[in-house]
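Q: Here you go, one structure.
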Amino acid sequence: MAQSSAVWRRIAAEAANHPDDVALRRCDHSGTVRYGQLDSQTGRIAADFAAASIGRRDRVLIVSDNGPQTYLGVLACARTGVIAVMADGALPPATIARFAEITTPSAVAIAPGARLRAADLPDSLRGLPLIDIGIGSGPADSARVAGSEDLPDSAADDPLAMIFTSGTTGEPKAVLLPNRTFYAIADILAAERLSWVDWEPGETTYSPLPATHIGGLWWILNCLMHGSVCVTGGEDTTSLLEILERHQVATACLVPTLITRLVAEQKATGADLPQSLRLLGYGGSRAVASDIDQVETAGVRTAQVYGLSETGCTALCLPTGDGSIDRIAASAVGRPYPGVQTRLDSAGTLWVNSPANMLGYWDNPEKTAEVLVDGWVNTGDLLEQHDDGYFYIRGRASEMIISGGVNVAPDEVDRIAERVPGVRQAACFEIPDPEFGALIGLAVVPTAELDAKQIRRLKQAIAARFRQESEPMARPARICAVTEIPRTASGKVIRAELAAAADGAPTGG
Numbered sequence: 001m002a003q004s005s006a007v008w009r010r011i012a013a014e015a016a017n018h019p020d021d022v023a024l025r026r027c028d029h030s031g032t033v034r035y036g037q038l039d040s041q042t043g044r045i046a047a048d049f050a051a052a053s054i055g056r057r058d059r060v061l062i063v064s065d066n067g068p069q070t071y072l073g074v075l076a077c078a079r080t081g082v083i084a085v086m087a088d089g090a091l092p093p094a095t096i097a098r099f100a101e102i103t104t105p106s107a108v109a110i111a112p113g114a115r116l117r118a119a120d121l122p123d124s125l126r127g128l129p130l131i132d133i134g135i136g137s138g139p140a141d142s143a144r145v146a147g148s149e150d151l152p153d154s155a156a157d158d159p160l161a162m163i164f165t166s167g168t169t170g171e172p173k174a175v176l177l178p179n180r181t182f183y184a185i186a187d188i189l190a191a192e193r194l195s196w197v198d199w200e201p202g203e204t205t206y207s208p209l210p211a212t213h214i215g216g217l218w219w220i221l222n223c224l225m226h227g228s229v230c231v232t233g234g235e236d237t238t239s240l241l242e243i244l245e246r247h248q249v250a251t252a253c254l255v256p257t258l259i260t261r262l263v264a265e266q267k268a269t270g271a272d273l274p275q276s277l278r279l280l281g282y283g284g285s286r287a288v289a290s291d292i293d294q295v296e297t298a299g300v301r302t303a304q305v306y307g308l309s310e311t312g313c314t315a316l317c318l319p320t321g322d323g324s325i326d327r328i329a330a331s332a333v334g335r336p337y338p339g340v341q342t343r344l345d346s347a348g349t350l351w352v353n354s355p356a357n358m359l360g361y362w363d364n365p366e367k368t369a370e371v372l373v374d375g376w377v378n379t380g381d382l383l384e385q386h387d388d389g390y391f392y393i394r395g396r397a398s399e400m401i402i403s404g405g406v407n408v409a410p411d412e413v414d415r416i417a418e419r420v421p422g423v424r425q426a427a428c429f430e431i432p433d434p435e436f437g438a439l440i441g442l443a444v445v446p447t448a449e450l451d452a453k454q455i456r457r458l459k460q461a462i463a464a465r466f467r468q469e470s471e472p473m474a475r476p477a478r479i480c481a482v483t484e485i486p487r488t489a490s491g492k493v494i495r496a497e498l499a500a501a502a503d504g505a506p507t508g509g
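Numbering (UniProt numbering), first residue to last: 1 to 509.
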């Protein structure tokens, strides 16, 4: 029997098969939704959409806390053809305002655990309806829900969600993702009988990745479409082992920094990975080969997934297999899934033609035309393909710094710093870091000569500005004062020289 082209219908089919199973649960048990409740919970939200005259292709800004309520909001959008505009609840109001300016939402839904509250919303959003995406305590009013059943199913190309790239770490672009993004790769793997990444009904999966990140949203929606118990949250947990053991997790999706933390916790406590764990997916940045080796030695399969928001999450995969650890150590990021086409241009930049690719950037035809050409997405990454069929990453086509799996645009870091009184010029640089891959260093030229105490105060002012205006991974880990910024004859910052120039410069710490 052919699968539905609509994400919501696929999940509804799983709900009919095992209504009493848990669908969504926060790792601290603060919120739980069973499959049998998904219809009434999303139907209630859908009815609120209808009451506010919100229909297909309208946008609802979902301020996420990465918990079950966030996903109820997404599923209500999937059910009704409304586009879920994903925004992290920890972002500054100014960034939320920029997201809204780009996407012009018709309503706002704030998850209960989001740091941003209704009172914090920027003026541009204050007049919009606030949609309640909390977990209802009783049976839904059937009269309120009934109207949503008459909605036609979404087609594969109908938009489901928008994920922002860059955010405050660069000019934000809203990646428009269709329904097919969230099941195309899983369908291919099932058809080809490949178990590179797989889920089973009733198994528990865990993902602490944000719902505003393509990896987090893609993983959880896939797991729901396969009838898994989806455990979310725990972003600030001190014990990953405890979460995996307590929930008897079978599959998990982590970023490499969390795998490093998991391995370190194992070594510190002497504890084993839970027997329930069989698959660990990871991506966002390159992993430490010895970390993956330790996980695989414990009998757990791993799968490195490579891709972008624009490619609908994963386009390449490096699963457990002969020589996989050596490939990871050599910077391999995977090989294409069947049905995913790849090519390298003359500069070595990888282009991807995948059935999961984005529709484009919302209301940004110029950028869309640059990145999406005849169905092919320009990843902006420089890679090599070896005789073994695997791609090996060699660098970034741009100057983007990848810190903890987050792309940080240096120009935007510079601009934030240069808005601080007392800073004449600023330029950031990359600091290699074994846990996060890279951290952000910042060199500033003060407007006047400063003593050590004054430099310390300036550094504090800069740090405060970044806390207000940037995402955590874009905040400088080191700030130093220099007399000049190295530049080319045309005035372009030579970032490769900055780290050396900054050595020995006063940090004011």
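Idealized CB from N, CA, C, for every residue including glycine. Quantities reported herein were computed from a predicted structural model and do not represent experimental measurements.
Quickly, what does DSSP pair C480 with across the bridge? List them, please.
A: In the DSSP output, where bridge partners are listed per residue, C480 has A443.
Q: Identify, in the order they occur along the chain, each residue of the same chain with its Cβ nearer than 6 Å to the Cβ of W351, setting aside the five sequence neighbours on each side.
A: Answer for W351: R343, W376, N378, listed in chain order.
Q: Between which two residues does the beta strand (DSSP E) harbouring T232 extend?
A: First-last of the beta strand (DSSP E) with T232: 229-232.
Q: Please work out which residues of its chain come closer than 6 Å, Cβ to Cβ, to A356, disregarding the five sequence neighbours upstream and downstream, and give them in chain order.
A: The residues are T181, A184, I185, G312.
Q: If you compare alpha carbons, which of Q37, R26, Y282 is closest to D20?
A: The shortest Cα separation from D20 among Q37, R26, Y282 belongs to Q37.
Q: For S228, count neighbouring Cβ atoms within 10 angstroms of its own Cβ and tell me buried if that reaches 16, exposed if not.
A: Buried, because 16 or more other Cβ atoms sit within 10 Å of the Cβ of S228.
Q: Quick check on DSSP: helix, strand or coil for W376?
A: Strand.
Q: Does the beta-carbon distance from F49 to V82 come in below 8 Å?
A: Yes, the Cβ-Cβ distance between F49 and V82 is below 8 Å.
Q: What residue range is occupied by the uninterrupted alpha helix (DSSP H) comprising D187?
A: First-last of the alpha helix (DSSP H) with D187: 184-191.
Q: Just to confirm the assignment: which complete alpha helix (DSSP H) runs, minimum length 4, are found wholly within the segment 230-306?
A: Counting only runs of 4 or more, we get 240-246, 256-269, 289-297.
Q: At the level of alpha carbons, what is the spacing between A271 and V249?
A: Computed Cα separation, rounded: 16 Å.
Q: Figure out for me which residue from L61, A461, A2 has the closest Cα to the Cα of A174.
A: Among L61, A461, A2, the Cα nearest to that of A174 is on L61.
Q: Measuring only the C-alpha atoms, how far is R478 from P446?
A: Rounded to whole angstroms, R478 to P446 spans 16 Å at the Cα level.
Q: Based on the DSSP output, what are the partners of P178 in its beta bridges?
A: In DSSP, P178 forms a bridge with P159.
Q: Could you give the DSSP three-state label for A110: helix, strand or coil?
A: Per the sequence shown, residue 110 should be read as Ile rather than Ala. I110: strand per DSSP, three-state reduction.
Q: Quick one: what's M358 bridged to in DSSP?
A: Beta-bridge pairing links M358 to no other residue.
Q: Would you call the segment 406-414 in contact with the segment 462-473, where contact means no fewer than 3 C-beta pairs closer than 8 Å?
A: Short answer: they touch.
Q: Taking R56 as the reference, give the member of R115, T251, I131, S154 with the closest Cα.
A: Looking at the Cα atoms, S154 is the closest of the given residues.
Q: Distance, Cα to Cα, E265 vs P68?
A: Distance between the alpha carbons of E265 and P68 is about 27 Å.
Q: Counting pairs of Cβ atoms below 8 Å between the segment 334-341 and the segment 381-391, do you hit three or more?
A: With a cut-off of 8 Å, the segment 381-391 and the segment 334-341 count as touching, because enough Cβ pairs lie within range.
Q: Considering only C-alpha positions, which residue in the set A12, N66, V63 is nearest to G43?
A: The candidate whose alpha carbon is nearest that of G43 is A12.
Q: Could you check where the alpha helix (DSSP H) with G127 kicks off and where it finishes?
A: It is not in any alpha helix (DSSP H) - G127 carries neither H nor E in the DSSP assignment.
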